[in-house]
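Novice: What follows is a single structure, and I will ask about it in a moment.
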Amino acid sequence: MWITPEEVLLANALWVSERANPFFILQRRKGHGKGGGITGSSRKEITEHWEWLETNLLQTLSIFDNNEDITTFVKGKISGIIAEENKSKAALEDEDSGKFREAELKMRKLFGMPGEEKLVNYYSCSYWKGRVPRQGWVYLSVNHLCFYSLLLGKEVTLVVQWTEVTRLEKNATLLFPESVRVSTRHTEHYFSMFLNVNDTFKLMEQLATIAMRQLLDNEGFAADHSLPKACKTLKNVSALKRDLDARAKNERYRALFRLTQDERLDGHTDCTLWTPFAKMHIVGQLFVSNNYICFCSREEDLCQLIIPLREVSIVEKADSSSVLPCPVSISTKNKMTFLFANLKDRDFLVQRISDFLQRTPESGHSGSPSPSTTPLSSSLPTPTGAAGEPSQRRHYSPSLPTATQGLLHIYQKDTPEEHGPKAKEKMKEESWNIHFLEFGRGVCMYRTSKTRELVLNGIPESLRGELWLLFSGAQNEMDTHPGYYAERVEQAMGRCTLATEEIERDLHRSMPEHHAFQNEMGIAALRRVLTAYACRNPGIGYCQAMNIVTSVLLLYCTEEEAFWLLVALCERMLPDYYNTRVVGALVDQGVFEELTRACLPFLYEHMQELGVISTISLSWFLTLFLSVMPFDSAVLLVDCFFYEGIKVIFQVALAVLHANMDTLLDCNDEGEAMTILGRYLDNVVNKQTVSPPIPHLHALLTSGDEPPPQIDVFQLIKSSCDKFGSLRADVIEQMRFHQRLKVIQSLEDTAKRSVVRAIMTDSAFSIGELEELYVHFKAKHIMSCYWGSSTTAAERHDPSLPYLEQYRIDLGQFCQLFGALGTWLCGTHTATLAARLFRLLDMNKDGLINFKEFVTGLSGMYHGDMTEKLKLLYNLHLPPALCPEEAESALEATQFFTDDDTPQEPPFLSDLDFLVQEVTSGEEVKEAEDASGSGDAEEKKEVKDYKYYLRMWAMENEPKKETIKDLRRMNQEQFIELCKTLYNMFSEDPLEQELYHAIATVASLLLRIGEVGKKFTNNGANKPTDNTNAQAPAAELPQPEKEEPNGESSSGQSLVCRALAEAQLETPPQQTSDEEVKDDTSVSSYSIVSTGSLQCEDIADDTVLIGCAGDQQRRGSILDGDWSITFEQVLASMLTEPPLVDYFEKKGDIHARMAGCKMQRRVERQVSSSSDHELAQLST
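Heads up: the sequence shown is residues 2 to 1181, going by this note's numbering.
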């Protein structure tokens, strides 16, 4: 047991020192401990703890400079260990669940995590910051690794997203004993001195795997809420930790027995199995799940057994004896009986099996039929051309024959027999029949080392389909899903998708040298299987190399059997091999390189220099050697693969390199090495085949001078097992994990570079800036996936799309990015402006924007000139950016831009009328001249040659760049929204007052321009000649009247106060009665502000609040539909004010904005106000 350490200053006469080192001393009380037991703990435990101190702390303590730091560090470390032990040992206390809840709340408070982020577990450890260890706690949540330490007044905080991890490994060095290294793209983090480093590292692996799956498929973590409630001893373990532990056990269980993804382990126990073929009891473990009872011997390959519950007829407790304690007998429908003994809790086990049997649906057949005797493809009603059901669907009509048995069996009926190979084939069949009699046949067959030996010697062609189904687990899935294949075929036929187009393109490339695929029967069967699988799994759809593998499956199986074998390959045995980025094959390619470096180090270095391994291995793994080796030889490797899994492919690949090591070491370039390997594989022959020779495409590589020696495929397989048979499946899975991190992060980097290259010509940002922006954009997308969003992950991420379209964000994430990276920040108005920009960028109106659209919006703000920036700002206040709801809000604001009942025109209005009139009349004269000219052209037109029309057609199809003349006119309500945005935009600028004065002048001028333009629009050619009789503009600025009597003055003041209260403004000082009336020229020199449009911090001291003179009815409350201005008028007005010109010509600093984002947490700050209260409650 651990206790709080104390410093020993003087020797104590009552204690005897047993062990000592420069920092620690182990003492025993005199008169105690000689018999082995020490009060409170055992000698074994004390020894283990002492050795842990020497192993983990001595090297670390030698780094410190003074004794005080050593004492402080040791006390903090031991205190953390004590706290962790108490957390695990005090599980029986009711308040312990509250401790975990307290830790979760503490994590959220320390690291700013939202409520959606769930803590999985936390551990005491040391984090190495430089050469100094920091003792603290590491918190492992679903999406983050967090560390916190507070030592000697120094606080250390670390947050790492699992999606950023590129490498995760456990190692032991002199400096970092039993440490865990977590690597990202830019840095490495070391954690050490865990109390149980293995458990911690396993949990880290699981969380990193979930993150990689999220990057690959965009699937967020979903907790399993159907887990049974924890027993009392596991009360302090979080539900998520139990969930992850159960998932890990389920994955190992499914991989061991090749079961489907929905199979869940209920429990396992040690037992013995009576084997009638060996007349002995075999020690192993019994596994029980919702659909199967499985057994695996403790000694590898000794015996394995799978009993589907649908095949079980009787489960009973047999008589117990000293020789056979606690036995259970299980009988199946095909008359096989299995006897398990030495079961610890036999009654509970029998009860669990009985419960599962009650939930198991009755199968429609008794026993386990042989696939060779029951053509399961007969469940296809339409392909067999059932009478009375004519079908006119494409590729699927009664006229097309359906393969109700293996294509090889159909097309070998007329093949002449050769006595030698045929005799060997008969001998193989007889050996397997004897095996079936001794070990059983079907899904309940005993699988032993004898079975493996028969597989390595080759499966006879008559049994190949049946045994492939059995060993891969496809037989179980097919039996439990009757009619499923026929439904998928019906659903897929007639569809035209990207997958079906690719399938049609590759149909005639699938083993074209084989006569089974030189006719419509083979092609139609292959089409149906591939399209049915694409319909079943649209996430994969179709990938090249699937056609080659499926064509081989169809040679030995019916269509339905081939379909389920393809399901087993793509979803269980070769995971992620056949997705759009062949991630699984790339992962195994990395594993193969690592195995080559370990087994053939000299050859590995030379091959790496040539770059050959990555070139050759991809085709080997994707097609299981079927595309690089003669068919009759490669199919034997497929036999071994279905029995032993991917391990045999690695073994054969290493054996091929080993056999050609000398010649490969002499190669000088990649082409020469590939030629050597191609010739070798092309001459791997199967001398026992009974099929006629099939010409191989790689025969072209063979030299015509001296044919290379032939290699017997059986010798190659035997050599691979002898030399590299020590490979274990669990080691391969561990290597796959490390390579998966590397491959997926490498693919993400490739995607980033591809996206940047695609848009760099259309953006003013540099490559580095674009890459940094992409990182922020992608991080926002990923956060939205695991912290909830308005759209599902499937809608946001489609791996079949180009890299540019794969990551998309919605309005919420865009507003957050706009607030962090945008230059036009308008206080509380920022979210409104961001929403308008989002609607402007969302071209297809699906509520999502991609990275290119995001960069387009930012580029206009950062790198555009004044015209481009104003053009963007102008468009933000026109539909579709300005939604109708926002436009209606401007109706209330217009009351502050209205005139009084007796308006007076400004003195310069007549001059402005004259200028606009002159310009308008000039345009009309020009239009008339153009019309007359076009008429003359029609009379004199000549017949042009075809080149002229081609040029005209090309010019029409060229994308026309939008100019400022093409922009729509802005009406009054849109102009008011623009003014509101500008006032809010300038509120935080250092030149705030100058900008307010400038925009007030511009707004006043534009209001009058709009009014003058309205006159000519309304009157047309009949222009007003008497300016005194012209109606005053509705939106003209009011002339403040002199103060009315007290009653009216007080009512007007109350309106001002009410408007200010609604707008959250401070009440301005009340005007005195002797205040003079200002004319329009004087008003324009002030900041003219709508009281309903600004926050209190936006109002300057000299701001005039328009529209608050009295409580009379305002005619401008109804918007003037004829009032409008153009962008050219806005631009010309802005250019007259130097402060506005300087503001919009100023370049933004995107680096400062992105640096600010880096300094922030990589998580959204969403700590509720109740968190502190809850934390305080739990702590008390």
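Beta carbons are placed, not taken as given, at the ideal position from N, Cα and C, and that holds for glycine.
Can you confirm whether the segment 536-548 touches the segment 561-579 when touching is taken to mean that 3 or more C-beta pairs between the two stretches lie within less than 8 Å?
Specialist: As far as the Cβ criterion goes, the segment 561-579 touches the segment 536-548, which means the pair count is three or higher.
Novice: Would you call the segment 844-860 in contact with the segment 770-789, where contact means no fewer than 3 C-beta pairs closer than 8 Å?
Specialist: Yes, since at least three Cβ pairs between the segment 844-860 and the segment 770-789 fall closer than 8 Å, the two stretches touch.
Novice: Three-state secondary structure (DSSP) at Arg994?
Specialist: Taking the sequence shown and counting its residues from 1, the one referred to as residue 994 is at position 993. It is Gln, not Arg, that sits at residue 994 in the sequence shown. Helix at Gln994.
Novice: Below 7 Å CB to CB, which residues in the same chain sit around Leu169 once its five sequence neighbours on both sides are set aside?
Specialist: Within the sequence shown, numbered from 1, the residue matching residue 169 stands at position 168. Result list for Leu169: Val183, Met205, Glu206, Ala209 and Leu742, in chain order.
Novice: Go ahead and pull the three-state DSSP assignment for Trp53.
Specialist: Here the question's residue 53 lines up with position 52 in the sequence shown. Helix at Trp53.
Novice: Quick one: give me the first and last residue of the alpha helix (DSSP H) that Gly523 is part of.
Specialist: Your numbering for residue 523 matches position 522 in the sequence shown. Looking at the DSSP string, the run of the alpha helix (DSSP H) that includes Gly523 is Glu521 to Arg537.
Novice: When the Cα of Asn458 is compared with those of Ala212, Met736 and Leu637, which residue comes out closest?
Specialist: Position 457 of the sequence shown, counted from the first residue, corresponds to residue 458. The candidate whose alpha carbon is nearest that of Asn458 is Leu637.
Novice: How many whole angstroms separate the CB atoms of Arg311 and Thr361, which I take to be in contact at a CB cut-off of 8 Å?
Specialist: Position 310 of the sequence shown, counting from 1, holds the residue named residue 311. Position 360 of the sequence shown, counting from 1, holds the residue named residue 361. With a Cβ gap of about 6 Å, Arg311 and Thr361 count as contacting.
Novice: Determine the contact status of Asn57 and Ser239, defining contact as a CB-CB distance below 8 Å.
Specialist: As a position in the sequence shown, residue 57 is number 56, starting the count at 1. As a position in the sequence shown, residue 239 is number 238, starting the count at 1. No, these two residues do not count as a Cβ contact at 8 Å.
Novice: Find the nearest neighbour of Glu594 within the set Met574, Ile435, Val583 and Thr616, judged by alpha-carbon distance.
Specialist: The residue given as residue 594 occupies position 593 in the sequence shown. Comparing Cα-Cα distances from Glu594 to each of Met574, Ile435, Val583 and Thr616, the minimum goes to Thr616.
Novice: Provide the residue span of the alpha helix (DSSP H) that contains Ser142, from first to last.
Specialist: Within the sequence shown, the letter at position 141 stands for residue 142. Element bounds for Ser142: not the alpha helix (DSSP H) but the beta strand (DSSP E), Val133 to Ser142.
Novice: Just to confirm before moving on: does the CB-CB distance between Val686 and Val653 stay below 8 Å?
Specialist: If you number the sequence shown from 1, residue 686 lands on position 685. If you number the sequence shown from 1, residue 653 lands on position 652. No, these two residues do not count as a Cβ contact at 8 Å.
Novice: Can you tell me which residues form a DSSP beta bridge with Ile308?
Specialist: Indexing the sequence shown from 1 puts residue 308 at position 307. Its beta-bridge partners are Ile294.
Novice: Considering only the beta carbon of each residue, do His269 and Leu287 sit closer than 8 Å?
Specialist: Here residue 269 refers to the residue found at position 268 when the sequence shown is read from its first residue. Here residue 287 refers to the residue found at position 286 when the sequence shown is read from its first residue. A contact, by the Cβ cut-off of 8 Å.
Novice: Please list, in chain order, all residues of the same chain as Ile71 whose beta carbon is under 6 Å from its beta carbon, the five residues on each side excluded.
Specialist: By 1-based counting over the sequence shown, the position of residue 71 is 70. Correct list, in chain order: Leu62 and Phe65.
Novice: Whose CA, out of Leu818, Ser322 and Arg758, lies closest to the CA of Lys779?
Specialist: For this step, residue 779 is matched to residue 778 along the sequence shown. Residue Leu818 is the option with its Cα nearest to Lys779.
Novice: Can you tell me whether Gln735 is buried or exposed, with buried defined as 16 or more other CB within 10 angstroms of its CB?
Specialist: Position 734 of the sequence shown, counted from the start, is the residue given in the question as residue 735. Result: exposed.
Novice: For Arg453 and Met446, I'd like the C-alpha separation in whole angstroms.
Specialist: Indexing the sequence shown from 1 puts residue 453 at position 452. Indexing the sequence shown from 1 puts residue 446 at position 445. In a straight line, the C-alpha of Arg453 is about 13 Å away from that of Met446.
Novice: Roughly how far, in whole angstroms, is the beta-carbon of Gly466 from the beta-carbon of Cys558, given that I think they are within contact range, below 8 Å?
Specialist: Sequence index remark: in the sequence shown, residue 466 carries index 465 (1-based). Sequence index remark: in the sequence shown, residue 558 carries index 557 (1-based). That belief holds up - the Cβ atoms of Gly466 and Cys558 are roughly 4 Å apart, short of 8 Å.
Novice: Excluding five sequence neighbours on each side, which residues of the same chain lie with their C-beta closer than 8 Å to the C-beta of Glu19?
Specialist: To locate residue 19, count along the sequence shown from 1; it is residue 18. Correct list, in chain order: Leu27, Gln28 and Arg29.
Novice: Measuring straight from C-alpha to C-alpha, what distance separates Val17 and Ile47?
Specialist: Locating residue 17 in the sequence shown gives position 16, where the first residue counts as 1. Locating residue 47 in the sequence shown gives position 46, where the first residue counts as 1. Near 15 Å, if we compare the C-alpha coordinates of Ile47 and Val17.
Novice: Taking the beta strand (DSSP E) that Thr338 belongs to, which residues open and close that run?
Specialist: On the sequence shown, position 337 is the one that residue 338 refers to. From DSSP, the beta strand (DSSP E) with Thr338 extends over Thr338 to Ala342.
Novice: Using only the alpha-carbon positions, how far apart do Thr501 and Thr751 sit?
Specialist: Residue 501 sits at position 500 when you count from the first residue of the sequence shown. Residue 751 sits at position 750 when you count from the first residue of the sequence shown. Rounded to the nearest angstrom, the two C-alpha atoms are 27 Å apart.
Novice: Using three-state DSSP, classify Trp16 as helix, strand or coil.
Specialist: Residue mapping note: residue 16 aligns to position 15 of the sequence shown, counting from 1. Trp16 falls in the strand class under three-state DSSP.
Novice: What distance in whole Å lies between the Cβ atoms of Tyr681 and Val649, which are believed to be in contact at a cut-off of 8 Å?
Specialist: Taking the sequence shown and counting its residues from 1, the one referred to as residue 649 is at position 648. Taking the sequence shown and counting its residues from 1, the one referred to as residue 681 is at position 680. Rounded, the Cβ-Cβ distance is 18 Å, inconsistent with contact.
Novice: Buried or exposed: where does His187 fall if 16 or more other Cβ atoms within 10 Å of its Cβ makes it buried?
Specialist: Reading the sequence shown from its first residue, position 186 is the one you call residue 187. His187 is exposed by the Cβ-count criterion.
Novice: Pick from Pro1139, Val583, Met662 and Met630: whose alpha carbon is nearest that of Leu623?
Specialist: Sequence index remark: in the sequence shown, residue 623 carries index 622 (1-based). Leu623 has its Cα closest to that of Val583, out of Pro1139, Val583, Met662 and Met630.
Novice: Which residue marks the beginning of the alpha helix (DSSP H) containing Leu509, and which one marks its end?
Specialist: Counted from its first residue, the sequence shown places residue 509 at position 508. Looking at the sequence itself, residue 509 is His, so the reference to Leu does not match. Premise fails: His509 is in no alpha helix (DSSP H) and is neither H nor E.
Novice: In terms of alpha-carbon separation, which member of Phe202, Thr261 and Pro461 lies closest to His482?
Specialist: Taking the sequence shown and counting its residues from 1, the one referred to as residue 482 is at position 481. Comparing Cα positions, the closest option is Thr261.
Novice: Suppose you measure from the CA of Val1142 to the CA of Met867; what does that come to, to the nearest Å?
Specialist: Taking the first residue of the sequence shown as position 1, residue 1142 is located at position 1141. Taking the first residue of the sequence shown as position 1, residue 867 is located at position 866. Approximately 7 Å between the Cα atoms of the pair.
Novice: What alpha helix (DSSP H) runs, 4 residues minimum, are completely inside the segment 830-881?
Specialist: Entirely contained in the segment 830-881, the alpha helix (DSSP H) runs reaching 4 residues are, in chain order, 831-842, 852-864 and 867-876.
Novice: Where does Ala84 land, buried or exposed, given buried means 16+ other C-beta within 10 angstroms?
Specialist: One-based indexing of the sequence shown puts residue 84 at position 83. Result: exposed.
Novice: Taking the C-alpha atoms as reference points, what is the distance between Asn669 and Val456?
Specialist: By one-based count along the sequence shown, residue 669 stands at place 668. By one-based count along the sequence shown, residue 456 stands at place 455. Near 39 Å, if we compare the C-alpha coordinates of Val456 and Asn669.
Novice: Report yes if the CB atom of Gln590 is closer than 8 Å to the CB atom of Ser618, and no otherwise.
Specialist: The count along the sequence shown starts at 1 and reaches residue 590 at position 589. The count along the sequence shown starts at 1 and reaches residue 618 at position 617. Their beta carbons are under 8 Å apart, which means Gln590 touches Ser618 by this criterion.
Novice: Assuming Ser1134 and Leu1006 form a contact by the criterion Cβ under 8 Å, report the distance between their Cβ atoms to the nearest whole angstrom.
Specialist: Locating residue 1134 in the sequence shown gives position 1133, where the first residue counts as 1. Locating residue 1006 in the sequence shown gives position 1005, where the first residue counts as 1. Correct: roughly 5 Å between the Cβ atoms.
Novice: For Ala821, tell me which candidate among Lys753, Ala635, Ile1151 and Val744 has the shortest Cα-Cα distance.
Specialist: By 1-based counting over the sequence shown, the position of residue 821 is 820. The shortest Cα separation from Ala821 among Lys753, Ala635, Ile1151 and Val744 belongs to Ile1151.
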